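S.K.: Could you have a look at this structure, given as C-alpha cells, before my questions?
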Amino acid sequence: MTVSPFTTERLLFTPAKPIDAAVPVIFAFPNEYSVGITSLGYQVVWATLASRQDLQVSRLFTNVYEPLPSQPELLGFSLSWELDYVNVLGLIESLGLPIWVRERASHFPSKKYPLVFGGGPVLTANPEPFADFFDVILLGDGELLLEEFINAYQEVREAERGTQLRHLARVPGIYVPSLYEVTYDGERGAVKAIAPIEPDLPTIIEKQTYRGNTLSASTVVTEKAAWENIYMVEVVRSCPEMCRFCLASYLTLPFRVASVEDSLIPAIARGLEVTDRIGLLGASVTQHPEFDHLLDYFNRPEYDQIRLSIASVRTNTVTPKLAETLVKHDTRSITIAVESGSDRLRQMINKKLTNDEIIQAAINAKAGGLSHLKLYGMAGVPGEEPNDLEQTVAMLQAIKKAAPGLRLTFGCSTFVPKAHTPFQWFGVNAQAEKRLQWLQKKLRPMGVDFRPESYHWSVIQALLSRGDRRLSRLLELTRHYGDSLGSYRRAFKELRGQLPDLEFYVYSDWPPEQVLPWSHLRGPLPQATLIKHLAAATEYFGASVSQPKPLGVADSGG
Numbered sequence: 001m002t003v004s005p006f007t008t009e010r011l012l013f014t015p016a017k018p019i020d021a022a023v024p025v026i027f028a029f030p031n032e033y034s035v036g037i038t039s040l041g042y043q044v045v046w047a048t049l050a051s052r053q054d055l056q057v058s059r060l061f062t063n064v065y066e067p068l069p070s071q072p073e074l075l076g077f078s079l080s081w082e083l084d085y086v087n088v089l090g091l092i093e094s095l096g097l098p099i100w101v102r103e104r105a106s107h108f109p110s111k112k113y114p115l116v117f118g119g120g121p122v123l124t125a126n127p128e129p130f131a132d133f134f135d136v137i138l139l140g141d142g143e144l145l146l147e148e149f150i151n152a153y154q155e156v157r158e159a160e161r162g163t164q165l166r167h168l169a170r171v172p173g174i175y176v177p178s179l180y181e182v183t184y185d186g187e188r189g190a191v192k193a194i195a196p197i198e199p200d201l202p203t204i205i206e207k208q209t210y211r212g213n214t215l216s217a218s219t220v221v222t223e224k225a226a227w228e229n230i231y232m233v234e235v236v237r238s239c240p241e242m243c244r245f246c247l248a249s250y251l252t253l254p255f256r257v258a259s260v261e262d263s264l265i266p267a268i269a270r271g272l273e274v275t276d277r278i279g280l281l282g283a284s285v286t287q288h289p290e291f292d293h294l295l296d297y298f299n300r301p302e303y304d305q306i307r308l309s310i311a312s313v314r315t316n317t318v319t320p321k322l323a324e325t326l327v328k329h330d331t332r333s334i335t336i337a338v339e340s341g342s343d344r345l346r347q348m349i350n351k352k353l354t355n356d357e358i359i360q361a362a363i364n365a366k367a368g369g370l371s372h373l374k375l376y377g378m379a380g381v382p383g384e385e386p387n388d389l390e391q392t393v394a395m396l397q398a399i400k401k402a403a404p405g406l407r408l409t410f411g412c413s414t415f416v417p418k419a420h421t422p423f424q425w426f427g428v429n430a431q432a433e434k435r436l437q438w439l440q441k442k443l444r445p446m447g448v449d450f451r452p453e454s455y456h457w458s459v460i461q462a463l464l465s466r467g468d469r470r471l472s473r474l475l476e477l478t479r480h481y482g483d484s485l486g487s488y489r490r491a492f493k494e495l496r497g498q499l500p501d502l503e504f505y506v507y508s509d510w511p512p513e514q515v516l517p518w519s520h521l522r523g524p525l526p527q528a529t530l531i532k533h534l535a536a537a538t539e540y541f542g543a544s545v546s547q548p549k550p551l552g553v554a555d556s557g558g
C-alpha cells in the first residue's frame, strides 16, 4: 500500500480552520509532489493561502492530490519551468475544465468554472504564450500580490465573471490577458500593438516588488521532497552583478538581503526543530554583507551535526573558511557560475570576474577540504567567437594544474534570450550546438566531467521565452502530438502561414524599436535602461559579430 506523501509532512505554520463560507481553492504545481514540494515559492504561497480562514485550500500535483472541492472557485498554478505548461493543461482537463479561457467564459452562467490564476517566474517574465489558458496572472512577488488578489476577489465573489475580471484587472500587478487585445503586423509579422479593450483599464501592468528584509523560509519539511528533509531559507533575493543575460537578476531587482539577527537566525532555529538539513538559497548567497557572521553561527559546536547545502556562490567569495564550513557540515562540492574563460566575453556580459579569481576559488575549495568543484558555463552567448571557447578550455586546464585532484564538472547551457534583460533582443546562436560538441571533444579527454544541456530543448525554451499569443494553438497541438521535439516541428508545419516560423521566434535578432510580446508588462527597469545596457555590451563585440542596432541610445532616459 502506497503511503500518501502528505502524511510525512512536518508543518512550520498552523493552517487556519476555514469558515463555513470559505472560498474553495485548488492550488496546483504542474509536476510531481517531490518536485513541487521542494519549490520554496510553492510552499510559501500555499502556506499564505492556507493561513486564511476565508479560503478552503486543497493541493494538486500530477501524481497526488488532497481531497478536492467539487466546485472550486479558484484554481491556481505556480509555474517555475516553461515546459511544465503541458502539465498545466493536463491538470486543468483532469478537473473536467476546458483549457481555453474563452470556452470557460462562454459557458457562464450555465456552468460556473473557476478562475484559473497563475504566478511564478515563467509567467512574470512573459506570460503571453500561455495567456489564452489563464484568466488571471499575478506579476511579481507573492508577499504583496496574494493578499491583494484574494481580497479583491472576495469583493466581487458573487458577481458575474466579466465583472470579476474587470475588478481584478485594476489591482496593481494583476494581469487579465482576455482584457487586452494584441494586433500583429500581418499573420507572420511581429506584434504591432497591445492595448486594453476598455479605456479605464491600465495600459501598462507593473510587476510588484516586495522590498522587505524578511525573506522566505520553508513552511513544510518532508522526507518525500526531492531534497529529502531539507529546510530552505532565502538569504538574498536578486543579484547585484546584473549579468546581461540573467533573468534571475534583472527580473527580481533590486538586490535584497535578509536581516541575519532578525530574520535568518530565527528562521534557521525554527527549521532545526524539525530537521538537521538546512539549505541556503539565493542567486548570490555569499554576497550577503554579513555572510561571514552566518558561517560563524553554523560553526558553533552545538551545530556540528547540521547538514548544510548552499546555492551557487560568487566565485571570489570562495574562501578556505567557506570550504571548511561546508565540509564540516557534510557538503563535499560547491558550484560557481563562470560562463566563460574569456575575459572579453565576461566583460561583455557584465560578469565581473577574472580567470585568476576562478583559479584561486578552486585552490581555496581544495585547501578547505572540498573534493568537487562544479562550474556553470554557456555556449552561444551573443558576441561569442571561437577564440572565446578556446580560452574556456585553457581556463579549465589551468584549474586542473592549480588544484590537482579536485574533481571538475563543467555544466554548459545554450544562451536563451529572456524577457526584461538587455539580451532579450538577441536570438539563439545557430552554431551553439556545434560549439557544445567542440567543448565536449576537448574537455572529456582532459578529465573534466562535461555536462551539456540539450541544445534542442534550449531552442524550445527560447521559443516560449520570446513567444506571443499565437503560440497557444501550437502548444495545444504539440501536447496532442506527444510533447516531443518532433511534435513542435509537426505543429509548426500544420500551422504554416498562421504564425511566424521558428526562425523568427528563436534565432532572429530583434531591433530594439520592435514591440515585444511583453511590452505592456513593466519589469524593474524601463526599456530605455535595458537598451543602454545592451549598448554597453556591444562595445566588446568583434567586427565579425552581428548585433541589434540600438536606435537613439544617446537620447534614451532611464
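Mapped onto our numbering, the consecutive letters of the sequence shown carry residue numbers 1 to 558. No residue lacks a Cβ here, since even glycine has one placed at the ideal position from N, Cα and C. Here the structure is a predicted model, which is why all the values come from computation and not from measurement.
#1: Three-state secondary structure (DSSP) at G212?
#2: For P266, which option in L294, S39, R104 has the closest C-alpha, if you only look at C-alpha atoms?
#3: Our contact map puts Y42 next to N63 with C-beta atoms below 8 Å; I'd like the distance itself, whole angstroms only.
#4: Based on DSSP bridge pairs, tell me the residues matched to F133.
#5: Residues in its own chain within less than 6 Å of M1 by CB, not counting five upstream and five downstream?
#6: Find the nearest neighbour of L115 within the set D468, G173, S178, E147, judged by alpha-carbon distance.
#7: Pull up the CB-CB distance for S284 and T214, whole angstroms please, since I reckon it's below 8 Å.
#8: Comparing alpha-carbon positions, which option in K207, V338, Q56, S216 lies nearest L253?
#9: Once DSSP output is grouped into helix, strand and coil, what is the label at L293?
#10: Tell me which same chain residues have a C-beta within less than 7 Å of the C-beta of F13, skipping the five on either side of it?
#11: Could you tell me which residues DSSP puts in a beta bridge with C412?
#12: For M446, count neighbouring C-beta atoms within 10 Å of its own C-beta (all shown protein chains included) and say buried if the count is 16 or more, exposed if not.
#13: Quick check on G41: does DSSP put it in helix, strand or coil?
#14: So I268 is in the alpha helix (DSSP H); what residue range does that whole segment cover?
#15: Skipping 5 residues on each side, what residues in its chain have a beta carbon closer than 6 Å to that of V257?
#16: What does a CB cutoff of less than 7 Å around I19 pick up in its chain, not counting 5 residues either side in sequence?
#17: When the distance is taken between beta carbons, is F415 closer than 8 Å to G380?
#18: Can you find the residues in the same chain that come closer than 7 Å, C-beta to C-beta, to T7, ignoring five residues on each side of it along the sequence?
#19: Please list the terminal residues of the continuous beta strand (DSSP E) segment that includes T183.
#20: By Cβ distance, which residues of its chain are closer than 8 Å to V506, with the 5 residues on each side in sequence left out?
#21: Does at least one heavy atom of the ligand MN sit under 7 Å from the Cβ of D262?
#22: Run through the segment 142-177 for me and flag every whole alpha helix (DSSP H) of 4 or more residues, listed as ranges in chain order.
#23: Classify P24 as helix, strand or coil using the three-state DSSP reduction.
M.R.: This is what the structure holds:
#1: coil
#2: L294
#3: Between N63 and Y42 the Cβ distance is about 15 Å, and since that is not below 8 Å, they are no contact.
#4: Partner(s): none; F133 has no beta bridge.
#5: For M1, the predicted model reports a pLDDT of 43, less than 50, meaning its position is unreliable; a value from the coordinates is still stated below. Around M1: no qualifying Cβ.
#6: S178
#7: That belief does not hold up - the Cβ atoms of S284 and T214 are roughly 19 Å apart, past 8 Å.
#8: K207
#9: Reading off the sequence, residue 293 comes out as His, not Leu. H293 falls in the helix class under three-state DSSP.
#10: A47, S51, T219
#11: G377, P452
#12: exposed
#13: helix
#14: 265-272
#15: V236, H288
#16: Q53, D54
#17: yes
#18: none
#19: 180-184
#20: G427, V428, V459, A462, L463, R466
#21: This structure lacks the ligand MN, and indeed carries no ligand of any kind.
#22: 142-155, 161-168
#23: strand
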